[in-house]
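Participant: This is the structure I have questions about; it appears just below.
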Amino acid sequence: MAATRGKRSENSQQQGLRIVRVLLWALVYTVIWTLLSSGQGWYIGIPVICLATGLSYILQPPSLAFRLQHLPSFIAYFVSRQLLGGMDVAKRSFQRDASSHAAWVHYPFTCPALNTRIGLSALIGLLPGTLGARIESDQLLIHVLDKRLDWKSEVATLERHLSKLLGTPEGGSS
Amino acid sequence: MTPGTLVDILSWTLMAAGICFYLTGALGLLRFSDFYCRLHAVTKTDTLGLGFLALGLAIASGSLHTACYIFLIYLIAMASAAVNGQLLARYKLEQEQSKDDS
């Protein structure tokens, strides 16, 4: 009996948390729409906000809360690597054997948190020579432009930075 | 040289750099051998090109409000480029695997 009551209160707590998160998403989408449209076009804005909020409710994206104190170092690291990533592809597009060393590789996650894993799989697409394709249980399938490069330490560094930023447990060095 | 001219030179240089990255991205799209390598070209160079272009435009605007507005658009475009690149790679991979299975 007590166990059933406990389960019920846990369920209602979870439901309450879900509602709070949906309201937060709705607020974020409303702020974005207001900023982008200068507070106009609500006849398009409201359906778009409702659709985006509904999708967030169905898909339940992991939390994007981050630690503000780690944001500057993350931005500095990410912008510098993004710059290198763009320059690397630009240089390769002029080379004769531009993509002859491309390969598929697996990266074993060291961080167990889902939000870090999802962030990593998306953001490595902007780093030099790597493109995340799919999360396969505890591994990330990556397409690399040049398998001879040290792609593993590149991905591991981003994973460490993301873990710090999102406040998730960091794994050991890979 | 007046400060206005310096701002013009800086903003136009940044915008020209952005256009150059877009052009190299288009070149990569033509020259890279397969779909996945082309995705590298599109996601990385285009995002960087947009970054330079956005920075140049923000400086040229001379308004903090417009600069913040451009920065917000850039953040959204960068996030969607990162996510779209991954989704396209996953979709193509699954398509190829289902073809191999059948």
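Going line by line, the protein sequences match chains A and B. To convert, count from 1 in the first sequence and add 174; that's the working numbering. To convert, count from 1 in the second sequence and add 97; that's the working numbering. Think of the CB as a built atom: it goes at the ideal place given N, C-alpha and C, for glycine as much as any other residue. Note that the coordinates shown come from a computational prediction; the quantities given were computed from them, not determined experimentally.
List the residues of chain B that A276 (chain A) touches, going by C-beta distances under 9 Å, in chain order.
Facilitator: F129, S130, D131, Y133, C134 and H137
Participant: Check Q313 (chain A) in the structure and name its three-state DSSP category.
Facilitator: strand
Participant: Between which two residues does the beta strand (DSSP E) carrying P282 (chain A) extend?
Facilitator: Segment A277 to P282, the beta strand (DSSP E) holding P282 (chain A).
Participant: Taking the CB atoms as reference points, tell me whether G303 (chain A) and W325 (chain A) lie closer together than 8 Å.
Facilitator: yes
Participant: By alpha-carbon positions, which one of A:S211, A:A264, A:Y231 and A:I249 ends up nearest to G354 (chain A)?
Facilitator: As displayed, chain A neither begins before 175 nor continues past 348, which places residue 354 (chain A) out of reach and without an answer.
Participant: Counting pairs of beta carbons, one from the region 246-265 of chain A and one from the region 132-141 of chain B, are three or more of them closer than 8 Å?
Facilitator: yes
Participant: Please report the distance separating the alpha-carbon of L314 (chain A) from that of L294 (chain A).
Facilitator: 9 Å
Participant: For A151 (chain B), which option in B:F129, B:H137, B:A174 and B:Y133 has the closest C-alpha, if you only look at C-alpha atoms?
Facilitator: Here the closest residue by C-alpha is B:A174.
Participant: What span of residues does the alpha helix (DSSP H) with I170 (chain B) cover, start to end?
Facilitator: L161 to D198
Participant: Using a cut-off of 8 Å between C-beta atoms, extract the partners of V125 (chain B) located in chain A.
Facilitator: A small correction: the amino acid at residue 125 (chain B) is Gly; Val does not occupy that position in the sequence shown. Under the 8 Å cutoff, chain A gives V263, A264, R266, S267 and A272.
Participant: Please check if any C-beta of chain A sits within less than 8 Å of the C-beta of G182 (chain B).
Facilitator: yes
Participant: Could you pull the DSSP bridge partners for L305 (chain A) from this structure?
Facilitator: A:H317
Participant: With distances taken from CA atoms, which of A:A264, A:L288, A:D320 and A:V329 is nearest L126 (chain B)?
Facilitator: A:A264
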